[in-house]
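First up is the structure itself, then whatever we jot down about it.
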Amino acid sequence: MAKDFYIEILHQDRNCGARYGYLHTPHGTVELPMFMPVGTQATVKLLSPEELKAMGAGVVLANTYHLALRPGSDIVREAGGVQKFMNYDGPMLTDSGGYQVFSLSKLRDKITEEGVRFKDPLSGDRHFFSPESVMKLEEDIGADIAMCFDECAPYPCTKEYMKNSVDRTIRWEKRCLAAHKREDQALFAIVQGGDYADLRQYCAQALTPLPFDGFAIGGTAIGEPRITEYHEVSLTVPYLPYDKPRYLMGIGSLDMMFDGIRKGVDMFDCVLPTRLARHGTLMTSFGRVNIKNRRFERDFAPLDPDCDCYCCRNYTRAYLHHLMKCEEGFGGRLCSIHNIRFLIHTMERARDAIKEDRFLEFAAETLARFGTERGC
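For the record, in the sequence shown the residue sitting at position 94 is 122 according to this note's numbering, with numbers rising by one throughout.
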């Protein structure tokens with residue numbers, strides 16, 4: 029168990045599983061539930077660490093796979109760890125890189141019990157990731173939370189394939205636990221199993237007795253129907269400990285986050301807000317909009333009158349439209365600031381609703397205003 033790392037649940041909504049509390053880490057305490065911006069290569073695209081702090085970001089993610097390739101985990105270690113390297117004054121989490129290795133199927137060899145050998149898409153060099161080598165990389169990078177190396181099985185796949193994948197994931201995560209030595213770094217296990225109820229239960233029950241500091245729900249949002257994503261969360265949460273953080277990986281749409289919060293999930297992350305922003309798509313209180321649309325050409329109102337972000341306080345829809353049509357970098361920055369702040373602010377309001385036992389009403393009202401059932 030990591031030093032100075034624990035969850036403190038202060039209130040659970042009396043009408044559902046939504047819970048409010050604190051996550052204590054060596055780099056500060058943050059409130060739950062929360063959305064975590066993704067800084068894959070030790071940077072959230074187009075934004076500065078100071079801007080992230082100003083908009084209320086708590087935990088920020090970086091990715092082990094990408095940092096291992098560039099600049100190298102040894103350089104991050106020599107800099108004093110990822111927080112000092114990127115000058116972010118707050119908690120951080122590193123994904124193990126497992127999803128990237130397995131999603132880049134054309135660049136990797138066959139998965140073996142020892143690990144995965146893959147080709148660097150930049151240099152062409154060959155690399156090998158095993159549970160032990162990934163733990164060394166994550167300890168070098170030095171985030172407050174490290175994720176175990178697991179296998180993210182494709183969707184769809186046969187039950188036989190998924191069972192073998194889950195068994196390998198369990199063995200690998202036990203190896204991660206044995207190899208992980210940093211006492212100031214938490215280690216989260218990842219529960220897999222696809223949409224097979226018995227395999228989700230089997231994986232969770234094999235991992236939760238072990239001294240991990242938190243648990244993640246993996247293998248969602250990888251191409252399955254939305255109803256299946258909901259189902260996978262429902263199959264997993266009941267088997268996760270109440271007194272450990274619960275993290276739903278790769279989720280940034282309102283409907284999925286609200287569904288997860290309702291069921292007792294604490295943490296979410298996704299590249300969605302910044303990816304949308306770079307293409308001029310904005311998440312607002314009245315729905316998703318494409319700011320490049322001609323109807324914004326002479327619209328001199330703030331982007332979202334309900335938003336308190338730097339973009340909405342200082343610039344108009346017409347100016348954003350102009351910047352994005354001209355492909356000016358400042359437009360992408362402003363749109364990214366807005367989308368990240370929109371999700372962080374939504375989580376702030378969700379926490380207030382939980383404390384007042386009205387989360388279900390808040391979620392329904394927010395999605396209705398957003399204007400789509402999926403809320404993404």
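All residues carry an ideal CB built from backbone N, CA and C; glycine is no exception.
{"Query": "Span of the beta strand (DSSP E) around L268", "Result": "Unbroken run through L268: none, as it is neither H nor E."}
{"Query": "Inter-stretch contact at 8 Å, needing at least 3 Cβ pairs: the stretch 152-169 / the stretch 185-205", "Result": "yes"}
{"Query": "Reduced DSSP category for K188 - H, G, I as helix; E, B as strand; rest coil", "Result": "At residue 188 the sequence reads Glu, which differs from the Lys that was named. E188: helix per DSSP, three-state reduction."}
{"Query": "Supposed close pair T302, V87 - CB separation, criterion 8 Å", "Result": "So it is not a contact: roughly 16 Å between Cβ atoms."}
{"Query": "Top-ranked residue by Cα proximity to K134, from D41, A346 and R145", "Result": "R145"}
{"Query": "Stretch pair the stretch 53-67 + the stretch 390-398: three plus CB contacts closer than 8 Å", "Result": "no"}
{"Query": "Span of the alpha helix (DSSP H) around F387", "Result": "F387 to F398"}
{"Query": "Residue interval of the alpha helix (DSSP H) (run including A381)", "Result": "G357 to K383"}
{"Query": "C-alpha gap between P266 and A244, whole angstroms", "Result": "13 Å"}
{"Query": "Distance, M375 Cα to E36 Cα", "Result": "17 Å"}
{"Query": "Under the three-state DSSP convention, the category F113 falls into", "Result": "helix"}
{"Query": "Continuous alpha helix (DSSP H) assignments of at least 4 residues falling wholly in the stretch 194-270", "Result": "225-235 and 254-264"}
{"Query": "Opposing strand residues paired with C298 [DSSP bridges]", "Result": "P65"}
{"Query": "Through-space distance from R199 to R47, alpha-carbon basis", "Result": "31 Å"}
{"Query": "Beta-carbon contacts of T68 that lie in its chain and below 8 Å, excluding the five residues immediately before and after", "Result": "L89, A90, N91, H94 and V299"}
{"Query": "Cα-Cα separation between K191 and G247, rounded to whole angstroms", "Result": "13 Å"}
{"Query": "Cβ shell of D32 (< 6 Å), same chain only, five flanking positions each side left out", "Result": "P54"}
{"Query": "Cβ pair M295, F370 closer than 8 Å", "Result": "no"}
{"Query": "Cβ separation of V110 and M120, assumed to be a contact under 8 Å, to the nearest whole Å", "Result": "6 Å"}
{"Query": "Reference P333; option with closest CA among R323, T344, E325 and F324", "Result": "T344"}
{"Query": "R379 to E141 span [Cα, whole Å]", "Result": "42 Å"}
{"Query": "Contact with chain B by H208, beta-carbon distance below 8 Å", "Result": "In summary, chain B is missing from the structure at hand, where a single protein chain is found."}
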